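In the numbering used here, the protein residues as written are 5 to 348.
We treat Cβ as the ideally placed atom computed from N, Cα and C, and that holds for glycine.
For clarity, every value in this text was computed on a predicted model and none was experimentally measured.
Data first, discussion second: the structure below is written as structure tokens.
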């Protein structure tokens with residue numbers, strides 16, 4: 005059986021496919037699984053035995069309706085038996101129906117459980133419960149075709165010799181404690197305020213035998229990371245020094261990652277690194293906590309207005325982002341130290 009899995013979503017959601025795909029790869033070695041996603045995410049899928057990754061340039065060659073048809077024509081010849089749409093937006097739904105009309109007998113799309121999400125946003129996490137997680141939603145979708153998944157995924161493969169050599173060249177051989185910190189997000193409601201982030205950096209910079217690695221992606225973020233790297237002695241800005249597969253290799257060697265509700269939380273989780281996750285306008289109850297991460301390591305302040313959004317696409321109704329401003333830097337530091345004590 006030949007299976008196509010479609011998802012052009014953000015890094016967090018695409019990364020969340022990996023644990024489920026791992027079980028499909030193990031449980032159905034006789035089948036072929038193809039993943040259609042954005043080009044730069046290929047390192048997440050190269051280690052599987054029966055998985056083929058197809059990269060799409062959705063902002064260039066495959067942009068718009070013309071690009072969607074170009075992708076479809078490229079993949080139609082593969083004659084897939086089953087197609088899964090794990091995103092459910094306009095682009096993926098067009099592809100979904102094109103495959104269905106072309107004769108694919110089994111085609112399934114994700115159930116996003118929107119009604120439950122609306123209830124959570126209306127009532128607030130204080131008065132609600134844990135929703136279906138992104139991993140459970142993917143498992144439900146695969147189950148529609150009779151594909152069984154499990155939760156036995158542990159981590160991505162360890163660093164290769166080449167990746168390890170690059171890390172040693174840039175940061176030296178590991179000794180002592182290595183901590184990752186990703187204080188940014190594309191949304192203001194998921195970005196740690198500057199002074200709080202700096203307090204955390206200052207504290208760990210002063211700890212003996214400790215290195216702090218700062219992760220970011222945007223141009224403005226990288227500029228700030230460079231400034232912090234200059235100011236502090238034991239702080240390293242990862243920036244664009246490493247490719248995605250090398251970043252994952254570095255994350256696998258961290259003792260703990262501090263991250264907002266963002267891509268770095270999910271990437272670190274795939275390397276079996278414990279994550280202290282910081283939640284502002286979103287909430288882990290919405291179902292997007294990283295793979296096998298602990299609620300005990302989540303940092304957030306209980307307000308009746310939280311969460312106000314599922315995907316951080318709203319302005320703060322009070323305009324002060326109190327959900328983030330009220331988080332004490334000391335609380336983040338305490339959580340990190342607790343994880344370090346458990347692992348050392």
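Own chain residues within Cβ distance below 8 Å of residue i, not counting five before or after
{"i": "residue 100", "result": "10, 87, 89, 111 and 113"}
{"i": "residue 206", "result": "236"}
{"i": "residue 104", "result": "87 and 111"}
{"i": "residue 75", "result": "40, 60, 66 and 99"}
{"i": "residue 53", "result": "29 and 33"}
{"i": "residue 91", "result": "10, 11, 12, 13, 17 and 114"}
{"i": "residue 347", "result": "259, 260 and 278"}
{"i": "residue 84", "result": "6, 7, 8, 38, 103 and 108"}
Helix, strand or coil at residue i [DSSP, three-state]
{"i": "residue 209", "result": "helix"}
{"i": "residue 327", "result": "helix"}
{"i": "residue 215", "result": "strand"}
{"i": "residue 42", "result": "strand"}
{"i": "residue 149", "result": "coil"}
{"i": "residue 263", "result": "strand"}
{"i": "residue 274", "result": "helix"}
{"i": "residue 202", "result": "helix"}
{"i": "residue 295", "result": "coil"}
{"i": "residue 231", "result": "helix"}
{"i": "residue 36", "result": "strand"}
{"i": "residue 27", "result": "helix"}
{"i": "residue 94", "result": "helix"}
{"i": "residue 168", "result": "helix"}
{"i": "residue 241", "result": "strand"}
{"i": "residue 182", "result": "strand"}
{"i": "residue 305", "result": "coil"}
{"i": "residue 121", "result": "helix"}
{"i": "residue 253", "result": "helix"}
{"i": "residue 222", "result": "coil"}
{"i": "residue 281", "result": "strand"}
{"i": "residue 188", "result": "coil"}
{"i": "residue 158", "result": "coil"}
{"i": "residue 334", "result": "helix"}
{"i": "residue 59", "result": "strand"}
{"i": "residue 300", "result": "helix"}
{"i": "residue 100", "result": "helix"}
{"i": "residue 86", "result": "strand"}
Under 8 Å between C-beta atoms of residue i and residue j
{"i": "residue 260", "j": "residue 239", "result": "no"}
{"i": "residue 316", "j": "residue 286", "result": "yes"}
{"i": "residue 35", "j": "residue 7", "result": "yes"}
{"i": "residue 290", "j": "residue 135", "result": "yes"}
{"i": "residue 246", "j": "residue 254", "result": "yes"}
{"i": "residue 69", "j": "residue 181", "result": "no"}
{"i": "residue 249", "j": "residue 292", "result": "no"}
{"i": "residue 157", "j": "residue 26", "result": "yes"}
{"i": "residue 214", "j": "residue 226", "result": "no"}
{"i": "residue 22", "j": "residue 274", "result": "yes"}
{"i": "residue 350", "j": "residue 270", "result": "Here the chain has residues from 5 to 348 only, and residue 350 is not among them."}
{"i": "residue 73", "j": "residue 42", "result": "no"}
{"i": "residue 50", "j": "residue 38", "result": "no"}
{"i": "residue 193", "j": "residue 320", "result": "yes"}
{"i": "residue 208", "j": "residue 183", "result": "yes"}
Close Cβ partners of residue i (< 6 Å) along its chain, the five nearest in sequence each way excluded
{"i": "residue 242", "result": "217 and 219"}
{"i": "residue 304", "result": "283"}
{"i": "residue 167", "result": "250 and 253"}
{"i": "residue 186", "result": "219, 263 and 268"}
{"i": "residue 188", "result": "195, 220 and 225"}
{"i": "residue 96", "result": "10 and 89"}
{"i": "residue 137", "result": "291"}
Residue i: CB within 7 Å of a non-hydrogen atom of the ligand PLP
{"i": "residue 136", "result": "What this structure holds is no ligand at all, so the ligand PLP is not there to describe."}
Cutoff 7 Å; reference residue i; Cβ partners in own chain excluding five residues on either side
{"i": "residue 24", "result": "139, 142, 143, 146 and 153"}
{"i": "residue 197", "result": "328 and 329"}
{"i": "residue 31", "result": "152"}
{"i": "residue 229", "result": "218, 220, 241 and 243"}
Residue environment, residue i, which counts as buried when at least 16 other CB atoms sit within 10 Å
{"i": "residue 48", "result": "buried"}
{"i": "residue 306", "result": "exposed"}
{"i": "residue 164", "result": "exposed"}
{"i": "residue 234", "result": "exposed"}
{"i": "residue 277", "result": "buried"}
{"i": "residue 323", "result": "exposed"}
{"i": "residue 174", "result": "exposed"}
{"i": "residue 64", "result": "exposed"}
{"i": "residue 119", "result": "exposed"}
{"i": "residue 288", "result": "buried"}
query = Quick one: any contact between the stretch 138-153 and the stretch 326-335, if contact means 3 or more CB pairs under 8 Å?
reply = no
query = Counting Cβ pairs, one atom from each stretch, are 3 or more of them under 8 Å apart for the stretch 288-299 and the stretch 214-228?
reply = The answer is no - the stretch 214-228 does not touch the stretch 288-299, with fewer than three Cβ pairs under 8 Å.
ask   = Counting pairs of beta carbons, one from the stretch 305-319 and one from the stretch 118-128, are three or more of them closer than 8 Å?
value = yes
query = Within the chosen definition, does the stretch 192-206 reach the stretch 330-347 through at least 3 CB pairs nearer than 8 Å?
reply = yes
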